[in-house]
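S.K.: Here it is, the structure, as structure tokens.
Protein chains: 2
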Amino acid sequence: MGTKERREREKENLRREILDAARELFVTEGYEKVSMRRIADRIEYSPTTIYLYFEDKAAILTEICEETFAKLARRLELIRKKQPDPLERLREGCRAYIDFGLRHPNHYRVVFIDPIHGKPGGQDYVYEGSMGERAFGFLRLSVEDCAAAEDIRTDDPELTSQVLWASLHGLTSLLITLREFPWAGKQRLIDHLIGTLIDGLRR
Amino acid sequence: MGTKERREREKENLRREILDAARELFVTEGYEKVSMRRIADRIEYSPTTIYLYFEDKAAILTEICEETFAKLARRLELIRKKQPDPLERLREGCRAYIDFGLRHPNHYRVVFIDPIHGKPGGQDYVYEGSMGERAFGFLRLSVEDCAAAEDIRTDDPELTSQVLWASLHGLTSLLITLREFPWAGKQRLIDHLIGTLIDGLRR
DNA sequence: CCCATCGACTTAACGGTGTTAAGTATACGA
DNA sequence: TCGTATACTTAACACCGTTAAGTCGATGGG
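Rendered as structure tokens:
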């Protein structure tokens, strides 16, 4: 037979085409500014065809974001393997997180800035099992390692990780959204932020 | 004469009616979910009437946000007057900032989370002279006071203020947008964040 | 080999959005 | 009293995400 397999391969190809077209548009112009009709134009199909491959517009985005955040998770896990010093590992991880956000501003925006989580009527982003969770997991592990090595002091690694994450997110998201603000300099801000946080945790 | 004055008073009244209706809808349902037609329904005028009083939808929002953020600015300036100890003043200011954000999540969202500043096609929020600037000004003053009293160490108060603001913003915005995240507890997070930051700045 | 079926895809439409152009009615000053 | 300026409305434009219905060609069974 084999025709069935070929058909499925072709379906998969078109699915990838949609994802690729959508990613390029989302990343360059932002989710809201890209319409289903424009994605359809790009792949030269009618808009409704997309609905044969994805439930709705948000589903396309979710899949793209998972793919992208998998890169962040891998990068963080690599740091975890390569850097033996716990405190340095934490510092490098923080840097990598912000760097990732600034490199993929539209992905970052969609997952951590824009979402309408918990809002009535809003599509809930599923956090459990997501790449975002894996990335946060790295941060908590790094904090626990530092605590074990007595590099930092904390009686609640979860709390500390969340505080750390919130701060990193704050700088990342502000640099993304308030682009024209008279910032004191990206790299200086990043260094000063991470330095202050780690100093604060060492007490 | 006097009819001109009366007319202007009536125009001003309708303008306020629009603002009030829009504020209530924006605050309870969020900016994006409220349409011009619904605002118009609420005040029992046709949608186009609104355009005689405001340039567009964003202009309504901007005015509402300025009014709301004026409250934050006043509150921060009050703290500045009442609290003599610079470090305590900074700490209270940080608390007030986060507290304000959590109390006015939709206003906060619109000014600091959602905006498309600097994006081609996006309406630029004018930062200069805004209430947001006044609020940030308080933070910088507090940092400078602390530095002068040698409560904290910094060779660049502007840089330090921005880092501080970014961290506060991070927690505020995450608590607003990722409502269903398994947070370690609002108050504990706030305390731990501010504590860590100030400890880090004291070195 | 023909025909029915099924799957992929399209066309047309629904109900919504922000916004604008054109039209109407009313209250006012001369 | 009349003409005009003002306040407001109706109708429309160009979009949006999404769905229902229809087309058409490839496929597999008799």
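Protein sequence lines correspond, in order, to chains A and B. Be aware that the first sequence starts at 1, since it is given in our numbering, and climbs by one per residue. Be aware that the second sequence starts at 1001, since it is given in our numbering, and climbs by one per residue. Ideal Cβ placement from N, Cα and C applies to all residues, glycine included. Just so we're clear, the structure is a prediction, and the values are computed from it rather than from any experiment.
(1) What's the gap between the Cα of B:His1117 and the Cα of B:Arg1089?
(2) Can you list, in chain order, the residues of its chain whose CB lies under 8 angstroms from that of B:Lys1186, leaving out five sequence neighbours each side?
(3) How many Å lie between B:Thr1048 and B:Arg1015 at the Cα?
(4) Ordered along the chain, which non-local residues of its own chain (more than five positions away) have a Cβ less than 7 angstroms from that of B:Trp961?
(5) Can A:Ile50 and A:Ala21 be called in contact, C-beta distance under 7 angstroms?
(6) From A:Gly93 to A:Val163, what distance separates their C-alpha atoms?
(7) Starting from A:Leu78, trace the alpha helix (DSSP H) both ways and give me its first and last residue.
(8) In chain A, which residues lie with their C-beta within 8 angstroms of the C-beta of B:Ile1150?
(9) Which two residues bound the contiguous alpha helix (DSSP H) that contains A:Thr172?
(10) Indicate whether at least one CB of chain A lies closer than 7 angstroms to the CB of B:Thr1028.
(11) May I have the straight-line CA-CA distance separating B:Asp1156 from A:Glu17, to the nearest angstrom?
(12) DSSP three-state label for A:Ile112, please.
(13) Quick one: which chain A residues come within Cβ less than 8 angstroms of B:Gln1204?
(14) Nearest to B:Glu1061 by CA position, among B:Glu1032, B:Arg1080 and B:Lys1081, is which residue?
(15) Which first and last residues belong to the alpha helix (DSSP H) in which A:Arg202 is found?
(16) In angstroms, rounded to a whole number, what distance separates the CA positions of A:Ala149 and A:Asp85?
(17) What residues of chain B sit near A:Leu231, judged by a beta carbon separation below 9 angstroms?
(18) If the cut is a Cβ gap below 9 angstroms, which residues of chain A does B:Asp1114 touch?
(19) A:Leu171 to A:Pro182, Cα distance in whole Å?
(20) Compare the Cα-Cα distances from A:His169 to each of A:Phe112, A:Arg80 and A:Leu189 and report the closest residue.
(21) Beta-carbon of A:Ser46 versus every beta-carbon of chain B: anything under 7 angstroms?
(22) List in chain order: all unbroken alpha helix (DSSP H) runs of 4+ residues lying wholly within the stretch 1010–1045 of chain B.
(23) What did DSSP end up calling A:Ile152 once you bin it into helix, strand or coil?
(24) In or out: A:Ser142 buried (at least 16 other Cβ within 10 Å) or exposed?
(25) With a cut-off of 8 angstroms on the beta carbons, I'd call B:Asp1199 and A:Arg203 a contact; round off their distance for me.
(26) Using a Cβ-Cβ distance cut-off of 7 angstroms, determine whether B:Pro1084 contacts chain A.
(27) Given this structure, state the Cα-to-Cα distance separating B:Leu1201 from B:Gly1030, to the nearest angstrom.
(28) Tell me which same chain residues have a C-beta within less than 6 angstroms of the C-beta of B:His1107, skipping the five on either side of it?
(29) Using the Cβ count rule (16 or more neighbours within 10 Å means buried), how would you classify A:Thr196?
(30) Between the Cα of A:Ser241 and the Cα atoms of A:Arg153, A:Ile190 and A:Asp145, which residue gives the shortest distance?
(31) Note down, in chain order, each residue of its chain lying with its Cβ closer than 7 angstroms to the Cβ of B:Glu1144, except the 5 sequence neighbours on either side.
(32) Give me the Cα-Cα distance between B:Ser1173 and B:Tyr1097, rounded to the nearest whole angstrom.
(33) What's the C-alpha gap between A:Ser130 and A:Ala73?
(34) Please classify B:Asp1124: is it buried, with 16 or more other beta-carbons within 10 angstroms of its beta-carbon, or exposed?
M.R.: Based on what the coordinates show:
(1) At B:His1117 the pLDDT is 39, less than 50, meaning the model places this residue with poor confidence and gives no usable figure here.
(2) Cβ neighbours of B:Lys1186 beyond the five flanking positions: Leu1102 and Leu1175.
(3) C-alpha separation (whole angstroms): 13 angstroms.
(4) Because chain B here runs from 1001 to 1203, residue 961 of chain B falls outside it and cannot be looked at.
(5) no
(6) 15 angstroms
(7) Lys57 to Lys82
(8) At residue 1150 of chain B the sequence reads Glu, which differs from the Ile that was named. Here the premise fails: no neighbours, minimum Cβ distance about 17 angstroms.
(9) Pro157 to Thr177
(10) no
(11) 49 angstroms
(12) Rather than Ile, the amino acid found at residue 112 of chain A in this sequence is Phe. Here A:Phe112 sits in helix by DSSP.
(13) The first residue shown for chain B is 1001 and the last is 1203, placing residue 1204 of chain B beyond what the model contains.
(14) In the sequence under discussion, the amino acid at residue 1061 of chain B is Leu, which differs from the Glu named in the question. If we check each option's Cα against that of B:Leu1061, B:Glu1032 comes out closest.
(15) Lys186 to Arg202
(16) In a straight line, the C-alpha of A:Ala149 is about 9 angstroms away from that of A:Asp85.
(17) In this structure chain A extends from 1 to 203, so residue 231 of chain A is not present and cannot be described.
(18) Ile113, Asp114 and Thr177
(19) Looking at the two C-alpha atoms, the distance is approximately 14 angstroms.
(20) A:Phe112
(21) For A:Ser46, not one C-beta of chain B is nearer than 7 angstroms to its own C-beta.
(22) 1036–1043
(23) coil
(24) buried
(25) 5 angstroms
(26) Not one chain A Cβ lies under 7 angstroms of B:Pro1084.
(27) 36 angstroms
(28) Answer for B:His1107: Cys1065 and Thr1068, listed in chain order.
(29) buried
(30) Examination of residue 241 of chain A is not possible in this model, given that chain A is present from 1 through 203 alone.
(31) Pro1157
(32) Going by the C-alpha atoms only, they are around 12 angstroms apart.
(33) If I take the Cα positions, the gap works out to 10 angstroms.
(34) Any reading at B:Asp1124 is ruled out, since the residue's pLDDT is 49, under 50, leaving its predicted position unreliable.
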